[in-house]
Each structure stands twice: as structure tokens, then as C-alpha cells.
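In the numbering used here, the protein residues as written are 1426 to 1773. What follows is one structure encoded as C-alpha cells, with my remarks underneath.
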Amino acid sequence: MMRAPALATASAVIGTALMFPPFAGAQAGSPGKGLLGNGGQVFSQKQNTRVKPDGSNLFQAVHDGFARTMFTGVRTHSMFKEGRLLSRYRETVIVKPSKDGALRFSLGLDRVLSGPHTKVQHKAHELHAGFLFHYRDFRIHDIAAARRNYRVTAAGGLRRFGRNLLLFNVVPLKPRRSSYLVFVDSASATVLDQVEYAPNGGVVCSLSYDALLFGAGVLAKGKEWWKPWISVQQHVNLASAARTAGFDSRPPTKIADGFGLHRIQTATRERTWHVVLVYTDGIDTRFVIQTPSIPTAVRAAAPVLAVQRYQVGPVTQYLVSHHKGLQHLVVGTFYGKGVPRLLRDLLK
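Spelled out as C-alpha cells, the structure:
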């Protein structure tokens, strides 16, 4: 049996959102077709489900109510590592579903309160706004999976911004996962404030609203809605993705307990095709992004695979430039030392 290649890891910690997958927030349309409208999802027009005080329907209500209520908010986002503040910045978020049910939102960086403050940071935030909105805010991506993998307990309630908010602890049933404290608007099931905790109980990320207005007449004039800056298509299986991208991807066979394949996408930018595999346990998400790679003479001869590791708050990115004809990019929240099992499986 062939031995797996040795891995050498180079690490960097980044305080603001620079290294997220650029196309991860682009919501795709029907299989084989382009994006819908402004790149938004289409939702049903049914009335929002009110959240029950005991949290028994929290996952269903939050999933069904995602981005279906118009509001404008100013919020502060903070990221920590081992109790140390990495960065803190203020955002403005606007959500306005259109009459046809398509999602429209804007997420802009207003001011960096702590940490690096450069034009690059503002541009990076703009490019990754889709990922931040869809995957770093507390979301329910799969109701059944969330119910299997997390437990909800009520933590009281309060009144803010003229709204009744319910507080819930969302605790994982599997090891090495984040837990959450979420503040949910009971009427619309919109998740507002949130705190994300590491398995050791330390805070890794927090989001708090400083100002909030619900309903019509709150939109800033001239606001541009977010649009994906890379073309993305969604597929029903890997064979369809391979036909579009022109190469066969290699999905991992070993992923963390409780995670399942949630979405298969292809993305193209500057004539380079990517296959994007999105895995979820209902709340947390992990990305495997593969691209054809041509080995250099140095790479071909090297007995050790170089793994570049970048950490952005609680999110870590692992990049292997070449292995068996593919570049591998793995992105997610991983706790524990060393290279995650998912990537090791890809590099056998």
C-alpha cells in the first residue's frame, strides 16, 4: 500500500476577511443555468413562522424566514483568538426581498474599529460580502441535519429596538464544533445578535446590532444590491459538474461526523474552472474547492506536500497547490491541531 505524502504546513493568522472563497456566497439558479436576477435566491411568499419561546421550532423558523423580512441595521463584528481581539469592525446591512421573492441585500464595511485598516480590507470585505452574509451569519442550511447535530435551549428574552427578542443556546452534539448564543426576533425569525464559542468555551466571534429598523421606508437611497462577481452554476451531481468544468473532481470520502454534501457548484473566473463542494451539519459549513493544476518540476520531485494555512478569525483555509493534477482549497471552522481529516483524505 502506498504511503500518504508527508505534509508541511506554513501558517498565517489574518484579522479581517481576506481569504474566504470568493464564490462561496454566490447563490446559484437551476442546474445548468446562470444566476437568478441579482444573484439572489428565490423564496416562497408564505407568512413567516413565529419562533416559539421554548425554541422547539427554531431551526424551521430561521430557515424559512431567512432574508424574507425587510430591515436595515448597523452592527459591530468582532473576532477573537484565544481571548485576544483580532479585529472589530462596523457594518451596515440592508435586506429587502423583491416582490417576486428574490433575495436582495447589501453588506458594507463602514469602519474598522480595531485591527488593520487599509483600502485592501475594504475591498476584501466587498468581494466576500456574499460569503459573510450567507455563511458567517448564523444560518440554518439544512433543517433535518441541524436537528440531528445540535440541541436548542431557551435562554430568556428581552425587548430591543421595539422588538421582542428571544435568546437561545445552540449546542453541538458532536465534538470539535462551535456553539452559539443567538438573539432572534420572535415575529420574523430574523437572527440578530450572535456569539460563537469554541469547544473550550472561549468566544471566537461576536456580532451585535447597534441600530435596527424593520419595515418599509428604511432603505438608504441609491444603495446597490450585492451581486456575485464570479459566474456560478449549481449541479445535481458530480457528473454534471464534471461536464461543465471539463475535469473530474475528487470528493473526500472521510468527512467529519454529521456533515453531508449540501451543494455542488461550478464556478469560472478568467477562464479557470472550479468545482465547489459545500458540506454542512445543518449550521456549520465546510468547502472543498478543486481546480486543475499543472505540476512544476519542483512540485513533481518534492517528497513533501506543502500546505498553506491561513486563519481568518474562526475560519481556516488550507491550500495545496498541486496533488495528482488538482489544486485543493479547503475552508471551514476546524478545531484541533494539524491538518483536518477531510484534507488528509483528499491527499492520499
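For glycine and all other residues, C-beta sits at the position ideal for the given N, C-alpha and C. A quick note: this is a predicted structure, and the numbers were derived from the prediction, not measured.
- Residue pairing from DSSP places Q1619 in a beta bridge opposite V1607, L1632.
- Taking a cut-off of 8 Å on C-beta distances, the stretch 1566-1584 does not touch the stretch 1534-1549, as fewer than three cross pairs fall below it.
- Burial check for E1507: the Cβ neighbour count within 10 Å stays below 16, so the residue is exposed.
- About 5 Å separates the Cβ atoms of R1694 and I1655, confirming a contact at the 8 Å cut-off.
- Around the beta-carbon of V1616, 16 or more other beta-carbon atoms lie within 10 Å, marking it buried.
- Counting only residues of its own chain and dropping the five nearest sequence neighbours on each side, G1761 has a CB closer than 8 Å to the CB of R1601.
- The shortest CA-to-CA distance from F1672 to any of L1552, A1692, T1716 is the one to T1716.
- Nearest to D1682 by C-alpha distance, out of L1754, Y1704, S1665, F1505, is Y1704.
- Per DSSP, reduced to three states, the secondary structure at N1473 is coil, with no helix or strand assignment.
- Secondary structure at G1498: strand, using DSSP grouped into helix, strand and coil.
- Under the three-state reduction of DSSP output, Y1575 falls in the strand class.
- Setting aside the 5 residues that flank it on each side, I1565 is surrounded in the same chain by F1484, V1487, H1488, A1571, G1707, I1708, each with a C-beta closer than 7 Å to its C-beta; the list follows chain order.
- Beta-bridge analysis with DSSP links G1490 to no other residue.
- Counted as a single uninterrupted DSSP element, the stretch harbouring L1663 is not any beta strand (DSSP E) but the alpha helix (DSSP H) occupying residues 1663-1670.
- Around the C-beta of T1758, 16 or more other C-beta atoms lie within 10 Å, and the residue is accordingly described as buried.
- No Cβ-Cβ contact shorter than 8 Å links L1637 with F1558.
- Contact holds between the stretch 1490-1504 and the stretch 1617-1635, because three or more Cβ pairs, one in each stretch, are under 8 Å apart.
- Between H1748 and G1763, the alpha-carbon positions lie close to 19 Å from each other.
- Taking the Cβ atoms as the reference, A1666 lies roughly 5 Å from I1689, within the contact range of under 8 Å.
- The C-beta of E1649 has fewer than 16 other C-beta atoms within 10 Å across all chains shown, which makes the residue exposed.
- The C-beta of P1624 has fewer than 16 other C-beta atoms within 10 Å across all chains shown, which makes the residue exposed.
- Distance from the CA of A1612 to the CA of R1513, rounded to the nearest whole angstrom, comes to 29 Å.
- When DSSP reads this structure, G1757 sits in a beta bridge with R1711, T1741.
- The alpha carbon of G1555 has as its nearest neighbour, out of D1525, V1520, R1584, V1537, the alpha carbon of V1520.
- Linking L1767 to S1604 through their CA atoms gives a straight-line distance of about 21 Å.
- Residue pairing by DSSP places E1695 in no beta bridge whatsoever.
- For the 8 Å CB-CB criterion, L1744 and P1677 do not form a contact.
- Between V1628 and V1620 the beta-carbon gap is near 6 Å, inside 8 Å, which marks them as a contact.
- Straight-line spacing of the CA atoms in S1531 and K1652 works out to 9 Å.
- The closest CA to that of K1477, considering only Y1735, V1755, L1590, is found on L1590.
- Residue nearest to V1518 within the set L1510, M1495, V1537 is M1495 (criterion: CA-CA distance).
- For S1503, the beta-bridge partners assigned by DSSP are R1513, S1631.
- Only exposed fits T1543, as fewer than 16 other CB atoms lie within 10 angstroms of its CB.
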